[in-house]
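Inspection log for the structure reproduced underneath, given as structure tokens.
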Amino acid sequence: FEDRIAEADLLVHTGDDPGRDILEGSADVAFIGGFSAALAALGKNADVTVLDTTDPQKPKPRSVGEAVSRVVRARAVNPRFIAGQMRHGPRGASEFAETVDRLVGFAETTRAISGALIEAVHDAYLGDPVVRAFMLRENPAAAKVIAERLLSARRRGLWHPLRNSIDDDLAALIAEAQALGVAA
């Protein structure tokens, strides 16, 4: 297995379902991120291409960074998406947490995710006082998970926030969620 992975120059991951994106399932992070991390552990690097085949006549290749960026901008931080998820109460807050988990997962394993994307998601979910209050009210566990994942990304050097108070803000949110009964 190690020899086969070490020989790879390119990974092409196809996506043919127009109703699903790269941040909606953990399998994409596991496959693409696992491949990238395995190569990195061997001291190697390979191109990772996400091939959008939703229109088989016009496949669109994108780097993993471009594919994730496209989803973050089109869906994850889209005010209409956020408002729609907020109508779903606790499940909507869980969707936000899952998106953050997968975004940070790609950042950890591929090193292809810009800190600006993490910043945009932070600002949309925790930086917006209405969304933050919704999360703490409807699903404080999801709010805590988001804060922990973002804090981890910051501490690991995957995200360099524009504000110096981010660590304190995230720690305060974690404490607030715990005060609402979420386990430490």
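Just so we're aligned, residue 23 is where the sequence shown starts under our numbering, counting upward by one.
All residues carry an ideal CB built from backbone N, CA and C; glycine is no exception.
Along the length of the stretch 89 to 151, whole beta strand (DSSP E) runs at least 3 residues long do not occur. Using a Cβ distance threshold of 8 Å, L73 and N67 do not count as a contacting pair. Under the DSSP assignment, V167 falls in the alpha helix (DSSP H) whose first and last residues are 162 to 177. By the CB criterion at 8 Å, L64 and E24 fall inside the cutoff. Taking one beta carbon from each stretch, the stretch 89 to 99 and the stretch 130 to 141 have 3 or more pairs nearer than 8 Å; the two touch.
Nearest neighbour of Q79 by Cα position, chosen from A164, D38, L158, D190, turns out to be D38. Around the CB of T132, 16 or more other CB atoms lie within 10 Å, so the residue is classed as buried. Buried is the label assigned to H144, since at least 16 other Cβ atoms lie within 10 Å of its Cβ. Here V152 is exposed. Its C-beta has fewer than 16 other C-beta atoms within 10 Å. Among the bridge pairs identified by DSSP, P83 is matched with L73.
Secondary structure at V153: helix, using DSSP grouped into helix, strand and coil. Of L184, K166, E170, the smallest CA-CA separation from G203 is found for K166. Residue nearest to R124 within the set T71, G41, A205, G55 is G55 (criterion: CA-CA distance).
Under the three-state reduction of DSSP, V34 is assigned to strand. Approximately 18 Å separates the beta-carbon atoms of I135 and L148; this is outside 8 Å, ruling out the contact. Selection R109, S174, S58 evaluated against L33 yields S58 as nearest (Cα-Cα).
Exclusion of the five residues before and after N161 leaves P112, A115, S116 as the residues of its chain whose Cβ lies within less than 7 Å of its Cβ. For I188, the enclosing alpha helix (DSSP H) stretches over residues 188 to 201.
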